[in-house]
């Protein structure tokens, strides 16, 4: 039985819509490409505050939630991708692509895993503890919502903390794979240096160094098709995950989008459904979004500044600690 929902079959590309400029394969500091926010929109904030105070809010988060934690976004100020992420078809179809992915991911993993939740993550967890949040859906694969204290987080695109064998289905943890790779590639981290960690948790490496890397193999079947349990660009969100997300939206009174440009259809489709069903939509993020025109309010501001204020306003006495 097919357990995935291929959005391409519905005419809804997983990777977003519209043409994109040439993508860079090197490190780009996307956290600093946006200009500072303009004057704070107090009227818009009041609409947001009242919406959240009514409770039963479904929170949908994107990469902008984690930029303050040191994990960069894929996109520039125009909302278009500026780095080339791993493609699903490329990964599953080529041992060389898997070797390149794992070499890069090995070099960036410890710094990626060391990222800590920021005040925005803590505020979302606080809103949930206060009983105002119906559910949390994230497009991120970093696990920072859970580490901030949020519960029952629906990971739309999976988690880099899990690994699965595409041949036999055997699951394992990323820490176990990283330990094996460390033993199998002594000194590789020294040769790789300390390049900038990209949104996938990897770094750019010279091809001649990549070719020396021993990629992981499944300890059960021996195959080399170990894949992080994430939805790569061009892949499909598992159907049960999509169904659970729509169920959460059905039970919610409103939708709050945090830190997402909504360029990826797997997230934007929930905005469209909410608007179709007459549910208010609020978007808080930096830069342009694909959802312009559908939200009842849209704020261009820093999440780690506005969300703690929002928590204090709608849940007096609540704090950012779990």
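Numbering (the working numbering), first residue to last: 49 to 370.
We treat Cβ as the ideally placed atom computed from N, Cα and C, and that holds for glycine.
The continuous alpha helix (DSSP H) containing residue 230 extends over residues 222-232. The segment 296-316 makes contact with the segment 105-113, as at least three CB pairs between them are under 8 Å. Residue state for residue 203 is assigned as strand, using DSSP reduced to three classes.
Residues of the same chain with a CB within less than 8 Å of the CB of residue 258, apart from the 5 flanking positions on each side, are 147, 148, 151, 152 in chain order.
Under the Cβ criterion (8 Å, minimum of three pairs), the segment 155-174 counts as touching the segment 182-202.
In the three-state scheme derived from DSSP, where H, G and I count as helix and E and B as strand, residue 277 is classed as strand.
Residue state for residue 135 is assigned as strand, using DSSP reduced to three classes. Secondary structure at residue 309: coil, using DSSP grouped into helix, strand and coil. Between residue 266 and residue 298, the gap from beta carbon to beta carbon reaches 8 Å or more. CA-CA distance, residue 186 to residue 98, rounds to 23 Å. Judged by DSSP in its simplified three-state form, residue 297 adopts helix. Taking residue 262 as the centre and dropping the five residues before and after it, the same chain places the C-beta of 232, 233 closer than 7 Å to its C-beta, in chain order. In the assembly as shown, residue 269 is an exposed residue. Its beta-carbon has fewer than 16 other beta-carbons within 10 Å.
Approximately 24 Å separates the beta-carbon atoms of residue 105 and residue 206; this is outside 8 Å, ruling out the contact. Under DSSP, the beta-bridge partners assigned to residue 302 are 105.
Per DSSP, the beta-bridge partners of residue 348 are 333. Its Cα nearest to that of residue 367, the residue 172 stands out among 101, 225, 172, 114. Around the C-beta of residue 337, 16 or more other C-beta atoms lie within 10 Å, and the residue is accordingly described as buried.
Contact annotation: the segment 321-333 touches the segment 342-349, with at least three C-beta pairs closer than 8 Å. Secondary-structure assignment with DSSP links residue 181 through a beta bridge to 105.
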